[in-house]
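Working notes, beginning with the structure itself.
Number of protein chains: 2
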Amino acid sequence: MKAILSHGKRIAFCALAATAIGASDSPAERLMGAALGEGRAYKIAESLTDGVGPRPSGSDGAARAVKWAVGEMRALGFKNVHTEPVRVPHWIRGAADAEVIAPARQQMHVVALGPSVPTGPDGITADVVAVESFEQLKAIGDGARGKIVLFNPPAMQRGSSFSEYGRLQAFRGGGAAAAAKQGAVAALVRSAGTGAFRLPHTGAMHYDEATPKIPAAAVSAEDADLIGRLIGSRRGPVRVHLVLTPKFDADVESANVVGEVPGRDRPGEIVLLGAHLDSWDLATGAVDDAAGCAIVMDAARIIAAAPRGPRRTVRVVLFMNEEMGLSGARAYAQAHAAELGKHVAALEVDSGQGRPAGFGVVGAGGVALLKKIAAPLATLGAANVVEAQEAGADLMPMGGKVAELSIDQDLTSYFDWHHTAADTFDKLDPMDMALNVAAVTVVAYGLADAGETLPVVAPARRGPPMLLGPAVVTQPVPTPARK
Amino acid sequence: MKAILSHGKRIAFCALAATAIGASDSPAERLMGAALGEGRAYKIAESLTDGVGPRPSGSDGAARAVKWAVGEMRALGFKNVHTEPVRVPHWIRGAADAEVIAPARQQMHVVALGPSVPTGPDGITADVVAVESFEQLKAIGDGARGKIVLFNPPAMQRGSSFSEYGRLQAFRGGGAAAAAKQGAVAALVRSAGTGAFRLPHTGAMHYDEATPKIPAAAVSAEDADLIGRLIGSRRGPVRVHLVLTPKFDADVESANVVGEVPGRDRPGEIVLLGAHLDSWDLATGAVDDAAGCAIVMDAARIIAAAPRGPRRTVRVVLFMNEEMGLSGARAYAQAHAAELGKHVAALEVDSGQGRPAGFGVVGAGGVALLKKIAAPLATLGAANVVEAQEAGADLMPMGGKVAELSIDQDLTSYFDWHHTAADTFDKLDPMDMALNVAAVTVVAYGLADAGETLPVVAPARRGPPMLLGPAVVTQPVPTPARK
Numbered sequence: 001m002k003a004i005l006s007h008g009k010r011i012a013f014c015a016l017a018a019t020a021i022g023a024s025d026s027p028a029e030r031l032m033g034a035a036l037g038e039g040r041a042y043k044i045a046e047s048l049t050d051g052v053g054p055r056p057s058g059s060d061g062a063a064r065a066v067k068w069a070v071g072e073m074r075a076l077g078f079k080n081v082h083t084e085p086v087r088v089p090h091w092i093r094g095a096a097d098a099e100v101i102a103p104a105r106q107q108m109h110v111v112a113l114g115p116s117v118p119t120g121p122d123g124i125t126a127d128v129v130a131v132e133s134f135e136q137l138k139a140i141g142d143g144a145r146g147k148i149v150l151f152n153p154p155a156m157q158r159g160s161s162f163s164e165y166g167r168l169q170a171f172r173g174g175g176a177a178a179a180a181k182q183g184a185v186a187a188l189v190r191s192a193g194t195g196a197f198r199l200p201h202t203g204a205m206h207y208d209e210a211t212p213k214i215p216a217a218a219v220s221a222e223d224a225d226l227i228g229r230l231i232g233s234r235r236g237p238v239r240v241h242l243v244l245t246p247k248f249d250a251d252v253e254s255a256n257v258v259g260e261v262p263g264r265d266r267p268g269e270i271v272l273l274g275a276h277l278d279s280w281d282l283a284t285g286a287v288d289d290a291a292g293c294a295i296v297m298d299a300a301r302i303i304a305a306a307p308r309g310p311r312r313t314v315r316v317v318l319f320m321n322e323e324m325g326l327s328g329a330r331a332y333a334q335a336h337a338a339e340l341g342k343h344v345a346a347l348e349v350d351s352g353q354g355r356p357a358g359f360g361v362v363g364a365g366g367v368a369l370l371k372k373i374a375a376p377l378a379t380l381g382a383a384n385v386v387e388a389q390e391a392g393a394d395l396m397p398m399g400g401k402v403a404e405l406s407i408d409q410d411l412t413s414y415f416d417w418h419h420t421a422a423d424t425f426d427k428l429d430p431m432d433m434a435l436n437v438a439a440v441t442v443v444a445y446g447l448a449d450a451g452e453t454l455p456v457v458a459p460a461r462r463g464p465p466m467l468l469g470p471a472v473v474t475q476p477v478p479t480p481a482r483k
Numbered sequence: 484m485k486a487i488l489s490h491g492k493r494i495a496f497c498a499l500a501a502t503a504i505g506a507s508d509s510p511a512e513r514l515m516g517a518a519l520g521e522g523r524a525y526k527i528a529e530s531l532t533d534g535v536g537p538r539p540s541g542s543d544g545a546a547r548a549v550k551w552a553v554g555e556m557r558a559l560g561f562k563n564v565h566t567e568p569v570r571v572p573h574w575i576r577g578a579a580d581a582e583v584i585a586p587a588r589q590q591m592h593v594v595a596l597g598p599s600v601p602t603g604p605d606g607i608t609a610d611v612v613a614v615e616s617f618e619q620l621k622a623i624g625d626g627a628r629g630k631i632v633l634f635n636p637p638a639m640q641r642g643s644s645f646s647e648y649g650r651l652q653a654f655r656g657g658g659a660a661a662a663a664k665q666g667a668v669a670a671l672v673r674s675a676g677t678g679a680f681r682l683p684h685t686g687a688m689h690y691d692e693a694t695p696k697i698p699a700a701a702v703s704a705e706d707a708d709l710i711g712r713l714i715g716s717r718r719g720p721v722r723v724h725l726v727l728t729p730k731f732d733a734d735v736e737s738a739n740v741v742g743e744v745p746g747r748d749r750p751g752e753i754v755l756l757g758a759h760l761d762s763w764d765l766a767t768g769a770v771d772d773a774a775g776c777a778i779v780m781d782a783a784r785i786i787a788a789a790p791r792g793p794r795r796t797v798r799v800v801l802f803m804n805e806e807m808g809l810s811g812a813r814a815y816a817q818a819h820a821a822e823l824g825k826h827v828a829a830l831e832v833d834s835g836q837g838r839p840a841g842f843g844v845v846g847a848g849g850v851a852l853l854k855k856i857a858a859p860l861a862t863l864g865a866a867n868v869v870e871a872q873e874a875g876a877d878l879m880p881m882g883g884k885v886a887e888l889s890i891d892q893d894l895t896s897y898f899d900w901h902h903t904a905a906d907t908f909d910k911l912d913p914m915d916m917a918l919n920v921a922a923v924t925v926v927a928y929g930l931a932d933a934g935e936t937l938p939v940v941a942p943a944r945r946g947p948p949m950l951l952g953p954a955v956v957t958q959p960v961p962t963p964a965r966k
C-alpha cells in the first residue's frame with residue numbers, strides 16, 4: 001500500500017498514524033484527544049449527582065459533596081488537595097403549598113425562594129394583584145396593601161445570552177422587597193426559566209432591611225398564566241392560599257475544595273478553574289453545577305497527565321454556597337487576598353454543559369491572546385473569543401484583581417432545568433460534556449503556559465449579591481475593589 | 484376595473500366577493516369559515532379548564548363539569564340538552580411520596596395509578612428490582628418476592644400513532660398484577676409519556692382478582708433512569724421507601740351530558756360526536772379531554788347555526804369517567820341499546836388538539852365515502868382518510884353496532900402533557916383547535932347529510948377495559964357484540 005501512496009498522501013498517512021499512537025506533536029491536539037476520548041467528566045458528574053445527590057449549602061448532602069470532592073481530586077492525581085473553611089447559612093425549604101381558592105379551586109405548583117421567611121403553618125389567604133413590571137407595581141400604589149403580589153412579566157424567551165434570565169431574575173430577587181414596601185403580605189413570581197411542565201424554578205432573593213420581610217415563592221409558568229387569565233376573565237377576585245414553612249438552622253462550617261496541578265517552572269502563578277459544589281435542594285444540580293465541577297476537574301486531570309505540563313499552576317476551586325450568598329467565593333477572595341496578584345486568569349464554568357462556542361474575556365485587551373490560545377478549537381466550533389462584561393458569580397469578590405474569563409455555552413435548554421426538580425443527570429450529554437472539557441483544557445493549558453498574560457480589567461458592575469442568610473452577619477460583603 | 488377583466492376572471496372575482504360577504508355556495512366552505520373565524524372552541528376549553536378545574540370521576544369538580552356542560556350546551560343553541568345517569572367510582576388520590584434511601588438518598592417524583600390500593604400511612608420499604616419487560620420479570624422468578632418491581636422499559640419515543648404509548652401503557656395497566664403474581668410488594672412503572680421534566684404521568688391500571696392487590700405508582704422518567712443507573716452502578720442494593728394513601732369513597736351518581744342539533748328530515752338517525760368530560764385530578768385536563776369536548780361542542784354549534792342543517796341529527800355526548808372505567812360509555816351503550824342501529828356514525832375526539840391530518844374509519848368499506856366528505860379539508864391538510872383498527876375508548880361498548888371513526892391529530896407533544904400536572908389550558912393553541920373544529924364540522928355535517936352511510940364493522944379487539952373500582956360491581960362490563 002505504501003508503494004502506491006503519493007508523497008502528500010504519505011505525509012498525511014504518517015500524521016494520522018502518529019496521532020493514532022498518541023504521538024501528535026501538537027499539545028492542543030493531544031489535550032483535545034484526551035478530553036474527547038475517555039468522557040471522564042460525564043462519569044464524574046454522574047458520581048456527584050446520583051452518588052452524592054442534592055447538596056444545598058449547610059445540608060448533609062453538601063458535607064458529603066465536600067468529602068466526595070477531596071476524594072475525587074486525589075483520585076484524579078491533583079496535588080495539594082485540601083478544604084478551606086467557609087461559613088454558610090443553612091436554610092431549610094420546608095413545605096410549599098398554594099391553591100387558587102377563588103374564583104375556581106386550583107392547586108398551584110410553587111417553591112419557596114431562598115431565603116424566604118415562612119407564612120406560618122396556617123398560611124396566608126389573600127387576593128392577588130398581578131403586575132408585569134416594577135413600574136406597574138408602583139402605579140397601583142396602595143392597591144397592593146394586604147394583597148399577594150404576583151410578578152408576572154412576559155414569559156422568558158430562549159436565547160443565547162443571560163439577558164432574558166436577568167429580566168425575570170430581577171423579580172425573583174427584588175420582587176418581595178418591592179411588594180412589601182407597598183404593604184403586600186406575600187410575593188409570588190413567575191419562574192425565571194423556560195419550559196412549561198408545571199415546574200417552578202427556585203432561586204435566591206433578597207430582602208430590603210428597611211421593609212418587612214414577606215414570604216416569597218416562585219410559581220410555575222402555568223400557574224402564573226392561570227392567575228393572569230383568571231384576573232383577565234373578570235370572574236371575580238382571585239384569591240390564593242399560600243403555605244411556606246422554610247426556616248433557618250444555625251450556620252454551618254462548610255468548605256471550598258481546592259486541588260492543584262503544579263506548574264513546571266512558575267508554580268506560584270495560578271490559572272484558577274472554578275465551579276460551584278453546592279446545588280439547590282430540589283434535584284441533584286446536574287446542569288447547575290455538577291457539570292461545571294466535572295468539566296474543570298476533568299480538564300485539570302488531563303493537564304496533570306500531559307507529558308509536559310504547563311509552566312504555571314492550574315488550580316481547581318470548587319466553591320461552596322454560590323446559590324445562597326457566594327460565601328465560598330468571598331471566603332476564597334479573603335483567604336487568598338495576598339495571592340490574587342499571582343492569579344493570571346480565573347475561569348468559572350457555571351452555565352451548564354451546552355456545547356461550547358468559545359470564550360468571553362473581561363477587557364478587550366485580552367481578546368487577542370485568548371484567540372491565539374483558543375485557535376485549535378476552531379473545528380469544534382469553540383474558538384470564538386469576545387470581550388465580556390462579566391464572568392462567573394464566584395469570581396465577583398476577586399473583581400478587578402484577577403483577569404476573568406467565561407466559557408460561552410449553548411443555553412437553549414439550560415433554563416428549562418436550572419433551579420428545578422428536573423436538574424438531574426439525564427440532562428447531561430457525554431459528547432457535549434467532553435467538548436467543554438476540550439475547550440477548557442486547551443485554554444487553561446494555554447494560559448498557564450503562555451509567555452504573555454491577560455490584562456486585569458474590572459468587570460462591569462453587577463447586581464447586588466444575594467447575601468441574606470444569617471451567615472451574612474458573620475461574613476460581611478467585601479467592598480469590591482475597582483482599578 | 485370590471486371592463487378589463489376576462490370572463491374567467493370575472494367569475495373568479497364574483498365568487499371571491501360572494502365568499503367575502505358570507506354567501507359562499509359551498510356548505511363546507513361556510514362551515515370551515517365559521518370554525519376558523521370565531522375560535523369559540525378555544526374559549527369553551529378555557530371555561531372548562533380554568534373555570535371548572537380538575538374533574539376526576541366522583542369529585543366535586545366532575546359534578547361542576549356536568550352542570551357546566553348543560554349550561555354551555557344550552558347557550559350554544561343545542562336542543563334536548565339533558566344528563567343521563569352514570570354511576571362512577573370515587574377514587575381519591577391522597578399522598579404519594581417516594582424516596583430512594585440507598586445507596587444515596589434521593590427524593591423521587593411519583594403519582595399513584597388509579598385505582599391503586601394504599602401502602603398504609605407508614606409506607607413500604609424494600610429493595611428494587613428493575614425489569615424492562617414482562618419476559619424479564621418472569622425470568623427472575625422468585626427474585627421479585629418481597630421486592631418493589633420497577634418496570635423500566637426503553638423510553639417512549641415521540642411518534643404519529645398510539646403504538647409507543649401502548650407499549651408503555653401495558654406496564655402501567657398490568658404491571659402491578661404481574662409483579663404481585665411473583666410476590667412483589669409494590670410496583671413502580673416508568674411513566675407512559677414523553678418529555679422529561681420530572682413529571683410523573685398517572686393513568687389507569689387493573690388488578691388481577693386471583694393475586695394480591697399491591698400498591699402501584701408511576702415514576703418520572705428521571706427517577707426511572709436514576710434507579711436504572713444506581714442498579715447498574717453496583718453501589719449496592721437500591722432501596723426505596725414508598726407511601727401511597729389513596730382510598731375509595733362511596734360510588735357517586737354522576738352523568739353523561741347530551742345535547743342535539745336535530746336533523747331536518749331524519750331526526751331519528753344520529754351522528755354521534757363524543758368526548759369525555761372527566762379528567763385526571765392532577766391538572767385541568769386541557770388536552771385530555773377539554774380540547775375534545777370543546778371541539779365537538781363548537782362543531783355542533785356551527786352546524787346548528789348553518790342556514791340549512793343536515794338531514795340527520797348531530798348528537799354531542801360528553802361521557803363521564805373515561806379515565807377510570809368507561810362507566811359513562813357503558814351507561815350510554817346500555818341506555819341507547821335499542822337506538823344504536825340508528826347511529827349512522829360515531830366519532831370521539833380524545834387525542835388532544837394537535838393539528839388534524841385527516842380521519843380514520845373502522846372498516847375499509849367506509850374509506851371512499853369519508854374521503855368524499857373530507858375532500859374540502861385538503862388545503863388544511865386534514866383530508867387524509869385511512870382504514871383504522873379502532874376508534875375512541877368511549878365507543879368501545881358500542882363496538883360492532885355503530886360505524887366508528889377517529890380524527891388523526893398531531894401527537895408530537897400530546898404525551899408530554901397527557902395525564903400530568905402540566906395538562907393545562909396554556910397547552911392549547913387557538914388555530915390548532917379551530918382547525919380541528921373545521922375538520923370535525925365538515926365531516927359531521929357530511930355524514931349527517933349524505934345519501935349513503937358508512938358500513939358497520941367491528942373494530943379489532945382492544946386491551947382489557949380498565950374497570951376496577953367499586954362501581955364495577957354495580958355495572959358489569961357488557962359482553963362485546965361482534966357481527
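Chains as they are written, first to last, in my numbering: chain A, 1 to 483; chain B, 484 to 966.
Note that beta-carbon positions come from the ideal geometry of N, C-alpha and C, so glycine has one too.
Test: residue i CB closer than 8 Å to a CB of chain A
| i | result |
| --- | --- |
| B:Thr895 | no |
| B:Thr907 | yes |
| B:His684 | no |
Buried or exposed (CB count within 10 angstroms, at least 16 for buried), residue i
| i | result |
| --- | --- |
| A:Asn436 | buried |
| A:Glu164 | buried |
| A:Thr379 | exposed |
| A:Ala95 | exposed |
| A:Gly268 | exposed |
| B:Arg513 | buried |
| A:His82 | exposed |
| B:Gly929 | buried |
| B:Gln640 | exposed |
| A:Asp122 | exposed |
| A:Ala275 | buried |
| B:Glu935 | exposed |
| B:Asn635 | buried |
| A:Met431 | exposed |
Chain B contact residues for residue i, given Cβ-Cβ distances below 7 Å
| i | result |
| --- | --- |
| A:Gly195 | Phe680 |
Where residue i meets chain A, residues with beta-carbon distance less than 9 Å
| i | result |
| --- | --- |
| B:Glu705 | Ala283, Ala421, Ala422, Thr424, Phe425, Asp426 and Lys427 |
For residue j and residue i, believed in contact at Cβ under 8 Å, the rounded distance
| i | j | result |
| --- | --- | --- |
| B:Ala667 | B:Ile631 | 7 Å |
| B:Thr796 | B:Gly742 | Between B:Gly742 and B:Thr796 the Cβ distance is about 11 Å, and since that is not below 8 Å, they are no contact. |
Short CB-CB distance (under 8 Å) between residue i and chain E
| i | result |
| --- | --- |
| A:His90 | The chain labelled as chain E is not found among the protein chains of the depicted structure, namely A and B. |
Chain B contact for residue i (CB, 8 Å cutoff)
| i | result |
| --- | --- |
| A:His109 | yes |
| A:Leu468 | Residue placement at A:Leu468 is poorly supported in this model, since its pLDDT is 35, which falls under 50; the coordinates still yield a value, given next. Closer than 8 Å: no. |
Point to revise | Proximal residues, the region 28-58 of chain A versus chain B, C-beta separation under 8 Å | key: Glu46, Asp50, Gly51, Val52, Gly53 and Pro54
Practice item. Would you list, in chain order, the members of the region 212-242 of chain A that have their beta-carbon closer than 9 Å to a beta-carbon of chain B? Key: Ser220, Ala221, Glu222, Asp223, Asp225, Leu226, Arg229, Leu230, Ser233 and Arg235
Check your understanding: Closer than 7 Å, Cβ to any Cβ of chain B: which residues of the region 95-106 of chain A, in chain order?
Key -> Ala104, Arg105 and Gln106
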